[in-house]
Amino acid sequence: MAGCGCGALLGAAFVAAMIFAVLEDPDFFRREFATETAFTPERAKAARDSLSSLDMGAVARAPARDGYTLPPRGRANGAATAVLVWTDSAFVHGIIAFGDTFPDGDRARRRWVAAAAWDVVDSLRAAALNRWDLDAALPGEEDRALWPTGVLPTTRAVLARARLAEVRGEAAEADTLVRAVVTVGRHLQRDYRLSHVLLGARIEWEAFHVLAGVEAQGGRRVATPATVAALARAEVAARAAERAYRLITVAGALADNCPDLLGVARDRAVPLPLRHAAVWAIGYGWALAPGEQTSVDSRRGHALADLAEGDVPPQLRRAVALGRQAVELSLFRRFDLMTRVQAARAAWRLAG
11 MAGCGCGALL GAAFVAAMIF AVLEDPDFFR REFATETAFT PERAKAARDS LSSLDMGAVA
71 RAPARDGYTL PPRGRANGAA TAVLVWTDSA FVHGIIAFGD TFPDGDRARR RWVAAAAWDV
131 VDSLRAAALN RWDLDAALPG EEDRALWPTG VLPTTRAVLA RARLAEVRGE AAEADTLVRA
191 VVTVGRHLQR DYRLSHVLLG ARIEWEAFHV LAGVEAQGGR RVATPATVAA LARAEVAARA
251 AERAYRLITV AGALADNCPD LLGVARDRAV PLPLRHAAVW AIGYGWALAP GEQTSVDSRR
311 GHALADLAEG DVPPQLRRAV ALGRQAVELS LFRRFDLMTR VQAARAAWRL AG
């Protein structure tokens, strides 16, 4: 795979985030990684068999037009600003949990509230007020994807400031900040990469969780029915996207599953993010398969070659081309890619 500028930056940001995690919690590695379940053929087969039960409608739902987003006011690409913020965030701030789910006085909640002072809050708010073109903000030859360790801390910081605004009686400011986060989350859910759909759904759920709390504290005592319904929809979408991401990733760790994944990638009735994830699983699943990390199964290359000959959308064609490069890498470059793929997967656990 040619070009590794952003991949290297994101990988380094992940390492920085892990350092922050260990400084905050010396038992982090023992608790989070020592218990990690290894990929096995049995797990991969079970994941493949579960693909037919995916709630594709929930994964591919169009973001609601319910007035919770901010209309674009500027002509600049807000995604470009956001990507810069997200690339640097793990270096500067580290990882914070979503503190709104912790009781008052808890350490995780205190760290979350303190994040309200981060300067990235203003940058991300400004990004939400501009048009959004994520592909233009993620140029390069790699099939680049955002990491939750860079994104979630910043959106959580915006939500922390919204909570503080509500405490100070600044209801309009709190509302605007929450809607900025909803806007960012829905932009990500419109992307063709399943990891971004998942990230956006998670962000939207956290935003509505805070908004429900802000409304309940703002004199109503309870959240409005519309916000409660939006929170429920966001939770369904986040769970559906997480399940799809997990099943397709695990299924890709076994080359025997390539025909099934190829069927998903070819099926025009399947939402594009799921088709893209299936292509990724074929082309990069070997990085999670203990038996293939020194010699990639040839069936992966054959499946991608078959897909390249078909009529597929541009986003899939690019993913296919990159996957074909990935399965043909030299041993040294394969090891480098393998570590980045595994780190990207671990980033979801680290982000919380």
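Just so we're aligned, residue 11 is where the sequence shown starts under the working numbering, counting upward by one. We put the CB at the ideal spot given by N, CA and C, even for glycine. Everything numeric in this text was worked out from a predicted model, so none of it was measured.
With contact defined as three or more Cβ pairs closer than 8 angstroms, the region 257-271 and the region 239-248 are not in contact. As DSSP reads the structure, residue 141 sits in a beta bridge with 87.
DSSP places residue 255 in the helix class (H, G or I) of the three-state scheme. Only exposed fits residue 319, as fewer than 16 other CB atoms lie within 10 angstroms of its CB. Note that the region 249-261 touches the region 59-79; at least 3 beta-carbon pairs, one per stretch, sit closer than 8 angstroms. When DSSP states are grouped into helix, strand and coil, residue 294 belongs to the helix group. In this model, residue 109 and residue 238 are separated by some 19 angstroms (Cα to Cα). For residue 223, the closest alpha carbon among the candidates 128, 173, 236, 193 is that of 173. Excluding its 5 nearest sequence neighbours in each direction, residue 193 has C-beta neighbours in its own chain below 6 angstroms: 79, 80, 138, listed in chain order.
Spanning the alpha carbons of residue 351 and residue 294 requires a straight line of approximately 8 angstroms.
Only residues of its own chain outside the window of five on either side were considered, and among them 302, 306 have a CB closer than 6 angstroms to the CB of residue 296, listed in chain order.
Judged by beta-carbon spacing, residue 170 lies within the 7 angstroms limit of residue 126, meaning their Cβ atoms are closer than that value.
DSSP places residue 311 in the helix class (H, G or I) of the three-state scheme. Take the alpha-carbon of residue 123 and the one of residue 167: they are about 8 angstroms apart. Separation of residue 299 and residue 317 (C-alpha to C-alpha, rounded to the nearest whole angstrom) is 22 angstroms. Going by DSSP, residue 67 is part of the alpha helix (DSSP H) stretching over 66-69. Just measuring C-alpha positions, the residue of 120, 103, 204, 142 sitting nearest residue 164 is 103. Residue burial is scored here from C-beta neighbours: residue 304 has fewer than 16 other C-beta atoms within 10 angstroms and is therefore classed as exposed. Boundaries of the alpha helix (DSSP H) around residue 215: 204-225. When the beta-carbon positions are compared, residue 201 and residue 162 stay at least 7 angstroms from each other.
In the DSSP assignment, residue 325 falls within the unbroken alpha helix (DSSP H) covering 324-337. Judged by DSSP secondary structure, residue 158 falls within the alpha helix (DSSP H) whose first and last residues are 158-177.
Spanning the alpha carbons of residue 280 and residue 288 requires a straight line of approximately 11 angstroms. With respect to the C-alpha of residue 74, the residue from 184, 236, 156 having the closest C-alpha is 236. Around the beta carbon of residue 234, fewer than 16 other beta carbons sit within 10 angstroms, so the residue counts as exposed.
The three-state reading of DSSP puts residue 81 in coil, since its state is none of H, G, I, E or B. With fewer than 16 other Cβ atoms from the protein chains shown falling within 10 Å of its own Cβ, residue 340 counts as exposed. Pairing residue 140 with residue 265, the inter-Cα distance amounts to about 43 angstroms. Counting of Cβ neighbours within 10 angstroms places residue 262 among the buried residues, the total reaching 16 or more. With a 10 Å radius around the Cβ and a threshold of 16 neighbouring Cβ atoms, residue 72 comes out exposed. Taking C-beta atoms under 8 angstroms as the contact rule, residue 313 and residue 157 fail to qualify, at a distance of about 27 angstroms.
When rounded, the separation of the alpha-carbon atoms in residue 90 and residue 196 is 16 angstroms. DSSP, read as helix, strand or coil, puts residue 319 in coil.
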